[in-house]
């Protein structure tokens with residue numbers, strides 16, 4: 017078992033079990049910035065799941081691993097052939113477009129892919145290969161459906177001229193917040209509200225003066241107005257996120273806008289956990305910043321100064337992990353991590369290493 021040190025909180029373990037055939041199974045239970053879990057496999061979500069011709073769709077990656085060095089997106093042409101859309105190398109920030117690139121794709125450094133102005137031949141299987149520092153790769157796929165004609169329904173990624181203003185801008189937990197809509201079209205026929213990525217809240221039909229509520233949302237907490245505005249009562253931290261409004265005019269043209277809702281919440285004090293590993297005389301140390309909070313920024317501090325990164329001193333993509341390999345005498349000292357959101361920040365107690 018690797019040696020693990022910490023100043024408070026739980027421990028990182030590696031469990032070994034011996035199988036009947038004599039082989040060894042290794043289960044790593046690890047903290048990922050404050051959340052205890054076994055390693056989850058990456059998946060891709062198509063947002064929205066149904067997309068009309070001419071719209072835009074985001075292929076969004078969930079559960080990316082920590083040890084990423086690059087991404088490769090593929091478009092499957094047939095059962096035996098697939099072509100590269102884009103290759104991205106993280107350390108060089110290098111983007112190389114492949115033969116399947118149509119000029120309508122936008123790649124994001126988190127691995128997600130946005131396709132604009134989709135056409136029927138964009139339908140099919142898309143694969144994402146995630147390259148790791150351990151020379152291993154993981155691959156996940158998603159099937160994209162492009163519909164040449166769709167009934168009147170809401171598409172959360174079409175272009176928009178609308179605006180939404182949260183009032184108040186930053187509600188605290190327990191307060192109500194009004195998502196106030198501006199510049200609603202005069203020939204409005206219907207509108208739909210969604211909570212990203214694609215959770216429908218309601219649909220309002222002007223001609224029938226009817227509201228269809230989705231059962232996945234607590235109807236009692238919402239008030240909808242015929243000007244498109246939406247009141248959310250008794251907000252909690254879970255209500256934070258992106259809210260999408262689609263409006264449909266008499267020509268069945270959909271316009272979309274969205275607003276990011278932030279709920280005031282102070283972060284908790286984090287702590288630092290350390291894994292010290294020695295292999296063949298080479299010592300490496302991994303520091304992990306443990307915080308129960310989400311949607312935070314992380315900064316590392318060494319001897320009361322901002323930590324300087326080098327070829328030996330590197331951060332994980334989410335910055336919750338700090339690795340020093342090899343660990344040298346000049347690396348000895350006090351390590352801290354600072355977590356922050358737009359409302360507050362907290363710094364861990366100093367952790368002296370080596371002890």
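Numbering (this note's numbering), first residue to last: 17 to 371. By construction, the Cβ of each residue, glycine as well, lies at the ideal position given by its N, Cα and C atoms.
Would you list the residues sitting across from residue i in a DSSP beta bridge?
i           : result
residue 247 : 194, 239
residue 68  : 163
residue 354 : 315, 363
residue 262 : 208, 272
residue 378 : Missing from the structure shown is residue 378; the chain here goes from 17 to 371 and no further.
residue 322 : 317
residue 114 : Residue 114 is not bridged to any residue.
residue 227 : 220
residue 346 : Note: residue 346 sits in no beta bridge, so no partner.
residue 156 : 144
residue 178 : None, per the DSSP bridge assignment.
Over the uninterrupted beta strand (DSSP E) stretch that includes residue i, give me the two end residues.
i           : result
residue 292 : 287-295
residue 185 : Careful: residue 185 lies outside any beta strand (DSSP E) and carries neither H nor E.
residue 222 : That residue, residue 222, is in no beta strand (DSSP E); it is neither H nor E in DSSP.
residue 91  : 84-94
residue 371 : Taken as a continuous stretch (DSSP letters only), residue 371 belongs to no beta strand (DSSP E), as it is neither H nor E.
residue 148 : 140-148
residue 59  : 59-63
residue 77  : 73-78
residue 283 : No beta strand (DSSP E) contains residue 283, which DSSP labels as neither H nor E.
residue 330 : 329-331
residue 131 : 129-131
Just the C-alpha distance for residue i and residue j, rounded to the nearest angstrom, thanks.
i           : j           : result
residue 321 : residue 117 : 44 Å
residue 378 : residue 363 : Absent from the model: residue 378. The displayed extent of the chain is 17 to 371, so no value can be given.
residue 228 : residue 261 : 15 Å
residue 107 : residue 85  : 7 Å
residue 290 : residue 209 : 45 Å
residue 102 : residue 336 : 27 Å
residue 296 : residue 342 : 12 Å
residue 71  : residue 230 : 24 Å
residue 334 : residue 82  : 7 Å
residue 155 : residue 92  : 13 Å
residue 237 : residue 180 : 19 Å
residue 239 : residue 77  : 33 Å
residue 113 : residue 259 : 32 Å
residue 371 : residue 340 : 16 Å
residue 263 : residue 365 : 50 Å
residue 163 : residue 306 : 45 Å
residue 212 : residue 257 : 7 Å
residue 18  : residue 302 : Confidence at residue 18 is low in this model, with a pLDDT of 43, below 50, so its placement is unreliable and the value that follows should be read with caution. Distance between the alpha carbons of residue 18 and residue 302 is about 11 Å.
residue 183 : residue 88  : 42 Å
residue 146 : residue 135 : 27 Å
What is the DSSP secondary structure of residue i, counted as helix, strand or coil?
i           : result
residue 307 : coil
residue 339 : strand
residue 121 : strand
residue 202 : coil
Heavy atom of the ligand MN less than 6 Å from the Cβ of residue i, yes or no?
i           : result
residue 357 : The ligand content of the structure shown is nil, which means the ligand MN is not present either.
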